[in-house]
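Read the structure below first, then the notes.
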Amino acid sequence: LNAMNALRKSNTLCDVTLRVEHKDFPAHRIVLAACSDYFCAMFTSELSEKDKPCVDIQGLTASTMEILLDFVYTETVHVTVENVQELLPAACLLQLKGVKQACCEFLESQLDPSNCLGIRDFAETHNCVDLMQAAEVFSQKHFPEVVQHEEFILLNQEEVEKLIKCDEIQVDSEEPVFEAVINWVKHSKKEREASLPELLQYVRMPLLTPRYITDVIDTEPFIRCSLQCRDLVDEAKKFHLRPELRSQMQGPRTRARLDMIYVSGGFDGSRRHTSMERYDPNIDQWSMLGDMQTAREGAGLVVANGVIYCLGGYDGLNILNSVERYDPHTGHWTNVTPMATKRSGAGVALLNDHIYVVGGFDGTAHLSSVEAYNIRTDSWTTVTSMTTPRCYVGATVLRGRLYAIAGYDGNSLLSSIECYDPIIDSWEVVTSLGMQRCDAGVCVLRE
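Note that UniProt numbering has the sequence shown beginning at 1, numbered continuously upward.
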């Protein structure tokens with residue numbers, strides 16, 4: 001390649017001239033065609049340029065053409081802050097994948113709160129998918145810093161909305177989200193004030209502290225002048241003042257932005273636990289949360305309407321029918337109506353706003369009975385029992401039906417599976433597993 005490049009620069013054996021901005025670049029058709037689909041199509045199809053000794057190239061500068069030809073002949077390119085904005089579009093035009101990749105890698109290394117939104121748009125314009133995703137993730141991870149810079153202030157309403165409604169933005173609270181919206185509106189009050197009610201729909205004000213709502217939001221003139229904004233503030237206040245209504249108020253504004261993993265109760269070999277831990281995948285860190293009121297192993301854990309329910313289990317002395325609910329907004333556990341039957345090792349799943357508890361062990365017998373908890377009314381209903389008693393049973397929901405998978409009936413490990421239809425309150429036996437399984441993990445994966 002170095003020898004070929006030397007021939008090019010000395011205009012030896014060159015059979016085509018590329019003219020850019022009135023500057024001529026001698027080259028070899030076969031080298032250009034081998035490295036670029038653009039030139040390959042030009043020189044091998046019936047385009048008019050096929051046999052021309054001189055070809056005009058539009059849409060790039062002479063200095064950029066020199067860099068690209070050096071890459072074609074040497075497979076090396078030096079990307080800088082000064083040339084990348086011209087180099088990437090030119091590489092896309094001439095279909096030089098290596099240069100495009102080098103530009104994308106360079107821009108990704110330059111990501112900063114002050115430029116990530118611009119780089120994201122630049123990447124989208126030139127169909128650089130990996131760079132666009134990297135810039136988007138960066139803007140989400142550094143949201144509080146990003147919104148302090150001009151690129152955010154200059155976004156249009158649709159772009160601001162897309163950013164603040166995202167579940168993945170990493171903030172310690174909704175305060176920087178609210179303040180970002182207000183600052184964006186203030187930058188051009190006359191043109192943007194009408195957008196405020198629409199944007200505030202995506203600020204999760206119920207997750208803000210009562211003090212912030214009263215001391216900051218209530219005193220903001222933009223809020224006080226808009227009935228729609230006041231309605232959203234009143235919703236946030238109601239969420240705090242009427243905790244018994246929170247289960248009916250669940251929606252995008254009351255949901256935490258980032259999913260986390262919760263682990264509650266259990267047995268460490270010597271004692272049962274009341275403690276709960278939470279894992280934040282963004283910082284790879286576990287933290288301790290409020291303790292349950294009762295120590296439990298073999299309990300069921302399920303999320304419904306943004307709160308966690310822990311059901312039944314064994315405290316070391318007794319099988320339990322008690323149920324506790326954890327509210328992440330308050331950090332406290334409260335008791336709700338207990339189950340009709342004491343159960344440990346039961347299967348638990350959420351279906352149609354009801355928590356179903358299937359099977360388990362009551363201290364004497366392995367159970368086939370099933371109960372359903374109505375979240376709105378805080379009440380339990382007994383539904384049709386399974387055909388087989390099952391303890392340590394896997395439970396999951398698929399396409400509106402509840403599946404009870406394998407387990408232990410008190411005598412044998414099971415491979416059988418039953419499917420419950422809540423519309424007709426009936427269980428149906430479906431195809432068994434290939435082997436017997438007890439206390440197995442079960443999940444649904446959408447493909």
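Built from N, CA and C at the ideal position, the CB exists for glycine as well.
Predicted model, so just to flag it, every value in this text is computed and none were measured.
Measuring only the C-alpha atoms, how far is K342 from L200? 46 Å
Give a single yes or no on whether A102 has its beta carbon closer than 8 Å to a heavy atom of the ligand FMN. This structure simply doesn't include the ligand FMN, nor any ligand for that matter.
Which value, in whole angstroms, describes the spacing of the CA atoms of L111 and L117? 9 Å
Reduced DSSP secondary structure (H/G/I, E/B, other) of D70: helix
Alpha carbon to alpha carbon, how far is Y202 from S195? 12 Å
Please look up how many angstroms separate the CB atoms of R399 and D421, rounded, as I've assumed it's under 8 Å. R399 to D421, Cβ: 10 Å. No contact.
What does DSSP give as the partner residues of D218 in its beta bridges? None, per the DSSP bridge assignment.
Whose C-alpha, out of I424, E428, D425 and Y392, is nearest the C-alpha of L414? Y392
Three-way DSSP call (helix, strand, coil) for A236 in this model: helix
Less than 8 Å between the CB atoms is what I'm expecting for Y326 and I355, so what's the real figure, rounded? Going by Cβ atoms, the distance from Y326 to I355 rounds to 14 Å, so no, they are not a contact pair.
Can a CB atom of chain D be found closer than 9 Å to the CB of D327? The structure shown has no chain D; it contains just one protein chain.
Do the CB positions of L94 and L60 come within less than 9 Å of each other? yes
Can A340 and T382 be called in contact, C-beta distance under 9 Å? yes
Report all residues from its chain with a CB closer than 8 Å to the CB of Q148; omit the five preceding and five following residues, and keep chain order. P113
Rounded separation between H78 and L87 - CA only: 10 Å
Three-state secondary structure assigned by DSSP to M288: strand
Could you tell me which residues DSSP pairs with residue 449 in its beta bridges? Given that the chain is displayed from residue 1 to residue 447, the structure contains no residue 449 and the question cannot be resolved.
I need the boundaries of the alpha helix (DSSP H) containing Y38, first residue and last residue. D37 to T44
Drop a sphere of 10 angstroms on the beta-carbon of A187, count the other beta-carbons inside from all chains shown, and report buried for 16 or more, exposed for fewer. According to the sequence provided, residue 187 is His. The question's Ala does not apply to it. H187 is exposed by the Cβ-count criterion.
Residue from D70, K97, L301 and Y279 with nearest C-alpha to Y38: K97
Could you check where the beta strand (DSSP E) with M276 kicks off and where it finishes? M276 to D280
Would you identify the three-state DSSP class for P176, choosing helix, strand or coil? helix
Counting C-beta neighbours from all protein chains within 10 Å, is the total for K100 16 or more, i.e. buried, or is it exposed? buried
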